[in-house]
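Engineer: This is the structure, below, for whatever I ask next.
In this note's numbering, the protein residues as written are 332 to 656.
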């Protein structure tokens, strides 16, 4: 029995400058570039087996058999790998996350990054980081940012090869932490993929896109200079701009729950009282509160006191996607 197999792990990431809207849906070219931080301690572990006797691709996620759109996104990467590796076998994919799936923590990012790496290695391909990042991007834009390590920038690009992510600073460059306030663990009713398609229906999207390069420059420089004040300001503005686009889309997208707003208000109050903190929110109700690692316990404890906060996950800058066997 002939088979090819590999297992990879990848971290989710939190975007400081977010992408929202897709210019080319077929290969996921974003409407704008973005900058993020990988999250150590949170991970997706994905095993890919190409099997001669396998009739069709099969996906098991957190113990559940996944079909339709989830499986189609997996097969998109597998088809690319099969073509490049000259393999005609279907694959069995088993993936597990150690954090809530589909609730505003980038589970698709880590999952598809791990899939891209595991499947390419299983097929005998030796892809460079840029190429792996582009491969992961085919099924999840943010997955391209989970391939390199540390602080990462996704270059928007114009085609498959030019749209990839690269590390702008290693994980140990800046001792930041992400305290993730979980207020809802249910799978969100409208996923990011569907949400991206509504971006251009918002009258605010054009202005947001036109201002992106300015925000990217400020964020990139803030990371390189380890300037928390500059990072905090641009990160919150960027998050608010994206949610403004979501709320003004047609139909409107409201991802926040009541505790989401309470956390945002609390973070502003703590910062006014001298605690260096800032929030950012992906497509979901959970809030990522960025702080220095020395304040991680304080921030986590204070978040837990806010009504509606179910749990707080903590993460520090994470490394690149890697093969574990």
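Beta carbons: idealized from backbone N, C-alpha and C, even for Gly.
Which two residues bound the contiguous beta strand (DSSP E) that contains residue 509?
Structural biologist: Locating residue 509 in the chain shown gives position 178, where the first residue counts as 1. Start and end: 507-513.
Engineer: Give the secondary structure of residue 657 by DSSP, where H, G and I count as helix, E and B as strand, and everything else as coil.
Structural biologist: Nothing can be reported for residue 657: it is not among the residues displayed for the chain, which extend from 332 to 656.
Engineer: Whole angstroms is fine: what's the gap from residue 557's alpha carbon to residue 466's?
Structural biologist: Within the chain shown, the letter at position 226 stands for residue 557. Within the chain shown, the letter at position 135 stands for residue 466. Taking the straight line from one Cα to the other gives about 31 Å.
Engineer: Give me the residue from 655, 514 and 627 with the minimum Cα distance to residue 506.
Structural biologist: Locating residue 506 in the chain shown gives position 175, counting from the first residue. The option with the nearest alpha carbon to residue 506 is 627.
Engineer: Roughly how many angstroms separate the alpha carbons of residue 538 and residue 362, rounded to a whole number?
Structural biologist: Here residue 538 is taken as the residue at index 207 of the chain shown, counted from 1. Here residue 362 is taken as the residue at index 31 of the chain shown, counted from 1. Here the alpha carbon of residue 538 sits roughly 12 Å from the alpha carbon of residue 362.
Engineer: Do three or more CB pairs link the region 559-571 to the region 486-493 at distances below 8 Å?
Structural biologist: Result no; under three Cβ-Cβ pairs closer than 8 Å.
Engineer: According to the Cβ coordinates, are residue 643 and residue 513 closer than 8 Å?
Structural biologist: Stepping through the chain shown from its first residue, residue 643 is reached at position 312. Stepping through the chain shown from its first residue, residue 513 is reached at position 182. Contact: yes.
Engineer: Flag this pair as yes or no: are the beta carbons of residue 335 and residue 453 separated by less than 8 Å?
Structural biologist: Counting from one through the chain shown, the residue named residue 335 turns up at place 4. Counting from one through the chain shown, the residue named residue 453 turns up at place 122. Contact: yes.
Engineer: In chain order, which continuous runs of the beta strand (DSSP E) of length 3 or greater are located wholly inside the region 379-409?
Structural biologist: 389-392 and 395-397
Engineer: Since residue 366 and residue 550 should fall inside the 8 Å C-beta cutoff, what is the C-beta to C-beta distance between them, to a whole number of angstroms?
Structural biologist: Translated into positions along the chain shown, residue 366 becomes position 35. Translated into positions along the chain shown, residue 550 becomes position 219. That belief holds up - the Cβ atoms of residue 366 and residue 550 are roughly 5 Å apart, short of 8 Å.
Engineer: Ends of the beta strand (DSSP E) at residue 371?
Structural biologist: Residue mapping note: residue 371 aligns to position 40 of the chain shown, counting from 1. Run containing residue 371: 365-371, per the beta strand (DSSP E) assignment.
Engineer: Near residue 370, what residues of its chain come up, given a Cβ to Cβ distance below 7 Å and the 5 sequence neighbours on each side ignored?
Structural biologist: Stepping through the chain shown from its first residue, residue 370 is reached at position 39. Within the same chain, residue 370 has close Cβ partners 342, 343, 344, 345, 509, 646 and 649.
Engineer: Between the alpha carbons of residue 654 and residue 534, how many angstroms are there, rounded?
Structural biologist: For the purposes of this step, residue 654 is identified with residue 323 of the chain shown, where counting begins at 1. For the purposes of this step, residue 534 is identified with residue 203 of the chain shown, where counting begins at 1. Taking the straight line from one Cα to the other gives about 43 Å.
Engineer: Run through DSSP, which three-state label would residue 485 get?
Structural biologist: Taking the first residue of the chain shown as 1, we reach residue 485 at position 154. It is a strand residue.
Engineer: CA-CA distance, residue 325 and residue 472?
Structural biologist: Examination of residue 325 is not possible in this model, given that the chain is present from 332 through 656 alone.
Engineer: The beta strand (DSSP E) spanning residue 456 covers which residue range?
Structural biologist: Start at 1 with the first residue of the chain shown, and residue 456 comes out as number 125. Residue 456 -> no beta strand (DSSP E), and no H or E assigned at all.
Engineer: Along the chain, where does the beta strand (DSSP E) containing residue 417 start, and where does it finish?
Structural biologist: Locating residue 417 in the chain shown gives position 86, counting from the first residue. Neither: residue 417 is in no beta strand (DSSP E) and is coded neither H nor E.
Engineer: Within its chain, find whatever has a CB closer than 7 Å to the CB of residue 440; leave out the 5 residues flanking it on each side and keep chain order.
Structural biologist: Taking the chain shown and counting its residues from 1, one reaches residue 440 at position 109. Non-local C-beta neighbours of residue 440 in its own chain, meaning closer than 7 Å and more than five positions away in sequence, comprise 343, 344, 471, 473, 474, 476 and 477, ordered along the chain.
Engineer: Kindly indicate which three-state DSSP category residue 533 falls into: helix, strand or coil?
Structural biologist: On the chain shown, position 202 is the one that residue 533 refers to. The answer is coil: DSSP assigns residue 533 none of H, G, I, E or B.
Engineer: Measuring alpha carbon to alpha carbon, tell me which residue in 485, 625 and 412 is nearest residue 368.
Structural biologist: Here residue 368 refers to the residue found at position 37 when the chain shown is read from its first residue. Checking every option, the nearest Cα to that of residue 368 belongs to 485.
Engineer: Around the C-beta of residue 352, are 16 or more other C-beta atoms found within 10 angstroms, so that it is buried, or is it exposed?
Structural biologist: For the purposes of this step, residue 352 is taken as the residue at position 21 of the chain shown. So residue 352 counts as buried.
Engineer: I'd like the span of the alpha helix (DSSP H) that includes residue 584, first residue to last.
Structural biologist: As a working note, residue 584 is residue 253 in the chain shown. Where residue 584 is concerned, there is no enclosing alpha helix (DSSP H), given that its DSSP letter is neither H nor E.
Engineer: Please list, in chain order, all residues of the same chain as residue 594 whose beta carbon is under 8 Å from its beta carbon, the five residues on each side excluded.
Structural biologist: As a working mapping, residue 594 is identified with position 263 in the chain shown. The beta carbon of residue 594 lies closer than 8 Å to those of 512, 514, 610, 618, 620, 634, 637 and 640 in the same chain, with the five residues before and after it left out.
Engineer: Is the separation between the beta-carbon of residue 456 and that of residue 415 shorter than 8 Å?
Structural biologist: Looking up residue 456 in the chain shown gives position 125. Looking up residue 415 in the chain shown gives position 84. Yes; because the gap between Cβ atoms is below 8 Å, this pair is in contact.
Engineer: How long is the line joining the alpha carbons of residue 630 and residue 574, rounded to whole angstroms?
Structural biologist: The residue given as residue 630 occupies position 299 in the chain shown. The residue given as residue 574 occupies position 243 in the chain shown. Going from the Cα of residue 630 to the Cα of residue 574 covers about 24 Å.
Engineer: For residue 364, count neighbouring C-beta atoms within 10 Å of its own C-beta (all shown protein chains included) and say buried if the count is 16 or more, exposed if not.
Structural biologist: Reading the chain shown from its first residue, position 33 is the one you call residue 364. Under this definition residue 364 is a buried residue.
Engineer: Please name the residue or residues paired with residue 498 in a DSSP beta bridge.
Structural biologist: Position 167 of the chain shown, counted from the first residue, corresponds to residue 498. 483.
Engineer: How is the beta strand (DSSP E) around residue 611 delimited, first residue to last?
Structural biologist: Here residue 611 is taken as the residue at index 280 of the chain shown, counted from 1. It spans 608-611 - the beta strand (DSSP E) in which residue 611 sits, taken as one unbroken run.
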